[in-house]
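*Asks:* For the sequence shown, the numbering used here assigns the number 148 to the initial residue and increments by one for each residue that follows.
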Amino acid sequence: MLHEILKQIEPLNIQAMNEARELQDRFIKPSGSLGELERISIRIAGITGRIHNAFTRKIICLFGSDHGIYDEGVCSSPQEFTRRLMKVYAENQNAGINILSRQAGAELRLYDLGVKGLGTHDNIITKKFMPNGTNNFLHERAMTKELSEQVIMYGINIVREAKSEGVNVIGTGEVGMSNTTPACACIMAAMKSRDTFLIGRGAGLSDDMYAHKKKVILDALDFHLSNLTDPLNILSCVGGLDIAAMTGIFIGGAVYHVPVIIDGVISIAAALLAYQLEPLTREYMFASHESLEPSYNVASTSLNLYPPLHMNMRLGEGTGCALFMQLIDDALAVINDMGTFDEL
């Protein structure tokens, strides 16, 4: 089924992009002088097929999941924090993403894909693919290949339903203690790299824990080496439920012509896998901010997507997406409302 869906993805609408570019060049400004704002509105024209767009409905999808690799001591925070933070978001206790999504006028949607001990909550969509999170991928696959495809399909269907609701843009976010480890493992596997420089500290590891994290990732990549042959196998061997769902979001954005925003390193790992499944998905993605995690830059370079925001951020949760949504509003305001030299 996934193979058939990937065939539905189309290139951007070049005519709409050319018309948007010509209009930008007639505005009361030197050609190209608004830089990234112009590039954003031109690519959005290519995505929607329209020069003039108004993004009145924005959502940020935040996926919560735990990871079996946590058991290897690659994270300094208690795993219980995944559950606690999901409740904080759900009860709108003013976590970073609560504040920034509200500021951007975006609806925050929470998904429990496999958070240990998290029960049902009115403000959380419960879809526990693995109730206690993924397996410890140092010793076995994180999940089956069949399940990784199911989770991708779930992400695609989220976009399909959002499009039917009139959603214009989607941000991607996550929470899960130790999730920089599977994200980095996925990026290294996708890039066929064993460079330990790509492995970041995550949430404040000591020097000893950092060295241990590097060893765990390298050992896991070696353990699964013969199976790291394609994106689905990479996801199932060393990925996470959050990464799989976001991979589906990026694919769904391309299928249903909805722009999707990349947040940090976990999000861009999913974007890279979606791109390797179908390169056209890249045209529907926007990178928001440059994460401090070193593997982020390698992934963004491979995608040829360069984030305009350099904020020294590494929170996750989709916070970078919320900031970028405000840039999108500015870009659309310019192309919709700016005067032209012709009018003067």
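Every residue, glycine too, gets a C-beta built ideally from N, C-alpha and C.
Assuming Met300 is part of the alpha helix (DSSP H), what are its boundary residues?
*Replies:* Run containing Met300: 292–311, per the alpha helix (DSSP H) assignment.
*Asks:* What are the start and end residues of the alpha helix (DSSP H) that includes Ala434?
*Replies:* Per DSSP, Ala434 belongs to no alpha helix (DSSP H); it is in the beta strand (DSSP E), 432–434.
*Asks:* Considering Cα atoms alone, identify which of Asn245, Phe228, Leu456, Leu450 is closest to Gly182.
*Replies:* Nearest of Asn245, Phe228, Leu456, Leu450 to Gly182, Cα basis: Leu456.
*Asks:* Suppose the cutoff is 6 Å on Cβ atoms and the five residues either side in sequence are ignored; what does the same chain contact list for Glu425 look like?
*Replies:* Closer than 6 Å at Cβ, skipping near neighbours: Leu153, Ile156.
*Asks:* Would Val445 and Leu388 qualify as a contact pair, given that the criterion is a beta-carbon distance under 8 Å?
*Replies:* No, they are not a contact pair.
*Asks:* Could you tell me whether the stretch 385–400 touches the stretch 283–300, using the rule of 3 or more Cβ pairs below 8 Å?
*Replies:* Yes: the two stretches touch, three or more of their Cβ pairs being nearer than 8 Å.
*Asks:* Are the CB atoms of Ile191 and Ile317 within a distance shorter than 8 Å?
*Replies:* No, the Cβ-Cβ distance between Ile317 and Ile191 is not below 8 Å.
*Asks:* Out of curiosity, what's the CA-to-CA distance linking Met432 and Met472?
*Replies:* Going from the Cα of Met432 to the Cα of Met472 covers about 13 Å.
*Asks:* Within this structure, are the beta carbons of Gly465 and Thr319 separated by less than 8 Å?
*Replies:* Yes.
*Asks:* Could I get the ranges of all uninterrupted alpha helix (DSSP H) runs contained in the stretch 397–455, with 4 residues as the minimum, in chain order?
*Replies:* Listed in chain order, the complete alpha helix (DSSP H) runs (minimum 4 residues) inside the stretch 397–455 are 412–424, 441–450.
*Asks:* Can you name the start and end residues of the beta strand (DSSP E) that Tyr217 belongs to?
*Replies:* No beta strand (DSSP E) holds Tyr217; DSSP gives it neither H nor E.
*Asks:* On the DSSP letters alone, give me the boundaries of the alpha helix (DSSP H) that Gly211 sits inside.
*Replies:* Premise fails: Gly211 lies in the beta strand (DSSP E), 205–212, not in any alpha helix (DSSP H).
*Asks:* Do you know offhand how far Asp354's Cα is from Ser180's?
*Replies:* Computed Cα separation, rounded: 45 Å.
*Asks:* Going along the chain, which residues of its own chain have a beta-carbon closer than 6 Å to the beta-carbon of Ala237, five neighbours each way excluded?
*Replies:* Hits under 6 Å: Leu257, His268, Asn270, Ile271.
*Asks:* What whole-angstrom Cβ distance do Leu260 and Lys275 have, given they're in contact under 8 Å?
*Replies:* Indeed, because the Cβ distance is near 7 Å, the residues count as touching under 8 Å.
*Asks:* Note down the Cα distance separating Ile390 from Ile175, rounded to an integer number of angstroms.
*Replies:* Whole-angstrom Cα-Cα distance: 43 Å.
*Asks:* What three-state label does DSSP hand Arg348 in the structure shown?
*Replies:* Three-state result, Arg348: coil.
*Asks:* Give me the DSSP bridge partner(s) of Ile272.
*Replies:* The partner list for Ile272 (beta bridge, DSSP) reads Tyr258.
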